[in-house]
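Peer 1: This is the structure I want to talk about, given as structure tokens.
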Amino acid sequence: MVKKTRQAKPNLVLRMARKERGWTQRKVAERIGAPLPLNVTRWESGLTVPSPYYIERLCELFERSPRELGLLRDDEYEPLDACSSTLTAFPPPPKLQASLPIQTSPLIGREQEVKTICALLRQPEVRLLTVTGTGGVGKTRLALHIASELQADFADGVCFISLATLSDPDLFIATLVQALGLTEVRDRSTVEHLQALLHRKHLLLLLDNFEQIVAAAPHLVEVLAVCPQLKVLVTSRCVLHVRGEYEFLLSPLALPNLTYLPTHQDLSQVAAVALFLYQMRRRMADFQLTPANAESIAEVCVRLEGLPLALELAAARSQLFSPQTLLARLGRRLPLLTGGTRDAPERQQTLRKTIDWSYHLLTARQRRLFQRMSVFVGGATLEAIEMVCGAGEKQEGQLVDAVSKLLDQSLLQVQRPEGEEPRFWMLETIREYAWECLVGSEEKETMQHAHALYYLALAEEAEPALRGPQILPWLARLEREYENLREALCWLVAQTENGLSTRTELALRLGTALEGFWIIRGHVKEERGLLEWALKRSAEGSASLRGKALLTQALLASHQGDLPTTVAACEEALTLFRELEDPLGSARSLYSLGYVAWMRGDYATARTYYEESLAISRRAQCKEAISETLLHFGSLNYLQGDARTSCSILEESLKFFRERGDRRNIASVLNMLGLVRLLQRDAQAANILQQESLAICRMLGNQRGVAHALGALGHIAARTGDLGQAYQCYEESLKIMILLGDRWMVVVFLEGLARVALVQGEATWAVYLLSAANVLRQVIGALMTPLEQVVHEHTLTRLHNLLDEHAFAAAWVQGQAMSPEQALEARRLLQA
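For the sequence shown, this note's numbering assigns the number -16 to the initial residue and increments by one for each residue that follows.
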């Protein structure tokens, strides 16, 4: 283990190594995969030390040992040698993502609020604190600052999750799981899943913009009830009204007294004025508070009620208007700020009219772009804006100028990630206003259609790239555009209710194009529902497209363990493709049916399907279909103990995938080849293959592949007598597969871990593991292969020899009542 230093002692060696290469702290963070440059800053300052994982990455980066980088000092650290071999064998357990965004501007005028809320959150009885207040009052900015202040108070840190784009309360828990960088699970409710993930975490969770999904608040209480060290800080325009909630009402910034106007120096320290001056100086660095403008500035702040967003928007006009003129223009608008309808909240009236004021300062072209841009969810690149919103812009550069104008007026925000295209987005309240403008125009459906077509084109361009060498940049791009892609699919699916067959076909095209992305990154559950909704309305459309969509549905269903739906979809697809005389579609349908037969233990039927699929693919000379069939066929031969045939088949498949640069399938073939080599008693070759497979899966973010590779490394370690590594590999792979809900692989890894426990002399625990695995085998109907049966019987015999009949029977009965998680945890209970 690596301990945190007791005193902050700067690591000058690490700092000099970085400067010798001319690298910034951001560059080092990017190269080693650290979440933030702040991590490197804290390491160099001696405030914290890297984890073993990052020590290894730093050593690789600088080509020096831990001692040479000042990362391993005898007086402050325990030796890393004992764990060094396992560091390279497999990656560290997944850590929670969703770290705090870096703030680029100071928090002004909130010192007392920060002090009060921090004190509340440090009280043991305060588990859920909701910061409420009007839109634009600065809840998010304040909460982020507080979370940053409290990071050291929580062993597992602080996680920030924005809910601004979420409007469906039913997706709240799933959104948390995804935002935390974790994987969906199919055999457990999402609430139970999150409870299990956060049960031991000493964590502050910051949930931003909760008001859109307030109906989900009871789920939050359920999670808190079983996570004793978890605290939640919520920002919302309304109270959640749940048990245990503490509310902090955030008021607008302090205002000057217009009757007794203070001196210039004192006036500049009043919170609302200080923020307004800061925003003015962002546009005009030399702006000063003077006797000539002090009264007007004070009155502007009072008229805008000290709302930070309103002050920022007003200051955006600083290059066009003097403070006196600005005040005059506000005077013509302010009567509207209190004249809203009786059923509208006052805070919405105020902020809406502030945005309305900025909107009416735009030209007709700028207004048109402003409302059109509301069609994007989560922002967009300039290319997307031009393609979707550029209709009617005859002169080159007009739209770019309009975007620049919206930026100047703070109606648009921009992010400039290093090495990526700038991304433009609206504050959520402003986007809501713009959306209302779009709905009131005649362009709403036109813009939604243009938006859907753009993201359909993006997805179809990405589809083949995900099977080639450009998979990484495309995965990153699709992940950035996930909200827009889903919005496009939702809109297209909604249009199918109107009987628009063209929209139905567009929905199916988009859904099938995103198949690979969904599978790799775990976006399966909700997307499958959308695709199936469109499929129900596609009976009279393109048969070829329907067949392709059915195969996508089958794949998604198989990943959720829904084999009946998988079979039905494959059989219908096969019928369609045969009627169309489409050999490739038929081949894919057949090997998908073969996979289901394999999962059910019907190897003879699986072989028949694979042989027919392979024959069709070879006649059509389609290397991709041939290789995919061979991958499954080789796996089947391995399961039946035919190592030589399996190896030959898999090598043929691997050759094509390497030629194509298909990393996802390369990793799958390498994993199977590693298992075959182990069957042939070549542990060294098996280890090399599994390490390569593991590295690829980690790079792609494919957790299922990571678990398969780790489980195989557990087999290898057990075979070579490295029981410590075998245990760690099996434990990690089991945790991943339990989260994914892959019950078949859970059984395999439980049984593998039982053999390790037996060799280590932990006979009772081994019986627990085997018993729990046996129950799960019966539930899913998973039959043992002949090889597995021989190993299983040998293990049982040895356990009967170690335990008397009564002890074995008692342990077996106890294991039958255990879930896989409980069986895994039982070791610690036995050792206690």
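Glycine included, every Cβ here is placed at the ideal spot set by N, Cα and C.
In the DSSP assignment, the beta strand (DSSP E) including Arg406 goes from what residue to what residue?
Peer 2: Here the beta strand (DSSP E) through Arg406 covers 406 to 408.
Peer 1: Does the contact criterion of 3 or more C-beta pairs under 8 Å hold for the segment 748 to 761 versus the segment 611 to 619?
Peer 2: No contact exists between the segment 748 to 761 and the segment 611 to 619.
Peer 1: Given a cut-off of 8 Å, decide if Gln307 and Ser341 are closer than it, judged by their beta-carbon atoms.
Peer 2: Not a contact, by the Cβ cut-off of 8 Å.
Peer 1: Look at the Cβ atom of Leu238, then the Cβ atom of Gly289, and state whether they are nearer than 8 Å.
Peer 2: Their beta carbons are under 8 Å apart, which means Leu238 touches Gly289 by this criterion.
Peer 1: Consult DSSP for Val397 and reduce its assignment to one of helix, strand or coil.
Peer 2: In the structure shown, Val397 sits in a strand (DSSP, three-state: E or B).
Peer 1: Below 8 Å, can you find three or more Cβ-Cβ pairs linking the segment 408 to 427 to the segment 468 to 482?
Peer 2: No, the segment 408 to 427 does not touch the segment 468 to 482.
Peer 1: Is it true that the CB of Leu83 sits closer than 8 Å to the CB of Ser131?
Peer 2: Cβ distance < 8 Å, so Ser131 and Leu83 count as in contact.
Peer 1: Thinking just about the alpha-carbon of each residue, which of Thr588, Ala448, Lys214, Arg350 is nearest to the one in Asp645?
Peer 2: Measuring from the Cα of Asp645, the nearest candidate turns out to be Ala448.
Peer 1: Is the distance from the Cβ of Ala695 to the Cβ of Leu733 below 8 Å?
Peer 2: Cβ atoms of Ala695 and Leu733: not closer than 8 Å.
Peer 1: Look up Ile144 in the DSSP assignment and give the residues it is bridged to.
Peer 2: Ile144 pairs with Leu190.
Peer 1: Taking just the CA atoms, how far does Leu159 sit from Ala199?
Peer 2: Approximately 12 Å, taken between the alpha carbons.
Peer 1: Mind checking who Thr218 pairs with in its DSSP beta bridge?
Peer 2: Note: Thr218 sits in a beta bridge opposite Val114.
Peer 1: Mapping DSSP to helix, strand and coil, what is Tyr229?
Peer 2: Strand, per DSSP.
Peer 1: On the premise that Leu44 lies in contact with Trp26, defined as a C-beta separation below 8 Å, what is that separation, rounded to the nearest angstrom?
Peer 2: Actually they do not touch by this definition, with Cβ atoms about 13 Å apart.
Peer 1: Contact between the segment 502 to 509 and the segment 523 to 532: three or more CB pairs below 8 Å?
Peer 2: No contact exists between the segment 502 to 509 and the segment 523 to 532.
Peer 1: Of the choices Asn22, Gly5, Glu3, whose alpha-carbon is the least far from that of Ala12?
Peer 2: When only C-alpha atoms are compared, the closest one is Asn22.
Peer 1: What does the alpha-carbon distance come out to for the pair Leu807 and Arg414?
Peer 2: Each residue's alpha carbon lies about 48 Å from the other.
Peer 1: How big is the Cα-Cα spacing for Tyr751 and Ala540?
Peer 2: Approximately 31 Å, taken between the alpha carbons.
Peer 1: Would you kindly check if the distance between the Cβ of Arg583 and the Cβ of Leu637 is under 8 Å?
Peer 2: Contact flag unset, no.
Peer 1: With DSSP collapsed to three states, give me the class of Leu538.
Peer 2: The answer is helix: DSSP assigns Leu538 an H, G or I state.
Peer 1: Around the Cβ of Lys(-8), are there at least 16 other Cβ atoms within 10 angstroms (buried) or fewer (exposed)?
Peer 2: Counting Cβ neighbours within 10 Å, Lys(-8) comes out exposed, since fewer than 16 surround it.
Peer 1: Which whole-angstrom value describes the C-beta separation of Asp191 and Thr123, a residue pair presumed to lie in contact below a C-beta threshold of 8 Å?
Peer 2: Indeed, because the Cβ distance is near 5 Å, the residues count as touching under 8 Å.
Peer 1: Whole angstroms is fine: what's the gap from Leu317's alpha carbon to Ala254's?
Peer 2: Here the model assigns Leu317 a pLDDT of 33, short of 50, so the residue's position is not dependable, and the following value carries that caveat. C-alpha separation (whole angstroms): 21 Å.
Peer 1: Considering Tyr574, what are the terminal residues of the alpha helix (DSSP H) in which it resides?
Peer 2: 566 to 582 is the span of the alpha helix (DSSP H), which, as asked, contains Tyr574.
Peer 1: Considering only their Cβ atoms, is the gap separating Leu662 from His608 smaller than 8 Å?
Peer 2: A small correction: the amino acid at residue 608 is Ala; His does not occupy that position in the sequence shown. Their beta carbons are not under 8 Å apart, which means Ala608 does not touch Leu662 by this criterion.
Peer 1: Excluding sequence positions up to five away, which residues of its chain have a Cβ less than 8 Å from the Cβ of Ala277?
Peer 2: The answer, listed in chain order, is Leu244, His247, Leu250.
Peer 1: Starting from Lys2 and walking both ways along the alpha helix (DSSP H), at which residues does that stretch end?
Peer 2: Lys2 -> alpha helix (DSSP H) spans -5 to 3.
Peer 1: Buried or exposed for His777, going by 16 or more other Cβ atoms inside 10 Å?
Peer 2: Counting Cβ neighbours within 10 Å, His777 comes out exposed, since fewer than 16 surround it.
Peer 1: Given this structure, state the Cα-to-Cα distance separating His775 from Ser676, to the nearest angstrom.
Peer 2: About 27 Å.
Peer 1: Measure the C-alpha to C-alpha separation of Ala793 and Glu205 and round it to an integer number of angstroms.
Peer 2: About 35 Å.
Peer 1: Between the alpha carbons of Ala126 and Leu216, how many angstroms are there, rounded?
Peer 2: Cα to Cα, Ala126 sits roughly 8 Å from Leu216.
Peer 1: Any idea which residues DSSP pairs Leu662 with across the strands?
Peer 2: In DSSP, Leu662 forms no bridge with anything.
Peer 1: DSSP state of Leu770, grouped into three classes?
Peer 2: If DSSP states are grouped into helix, strand and coil, Leu770 belongs with the helices.
Peer 1: Measuring only from the beta carbon, is Pro49 closer than 7 Å to any heavy atom that is part of the ligand GDP?
Peer 2: Of the ligands one can find in the structure shown there are none, so the ligand GDP has no counterpart to examine.
Peer 1: Quick check: the Cα distance between Leu619 and Tyr586, rounded to an integer number of angstroms?
Peer 2: Going by the C-alpha atoms only, they are around 7 Å apart.
Peer 1: Run through DSSP, which three-state label would Thr429 get?
Peer 2: Thr429: helix per DSSP, three-state reduction.
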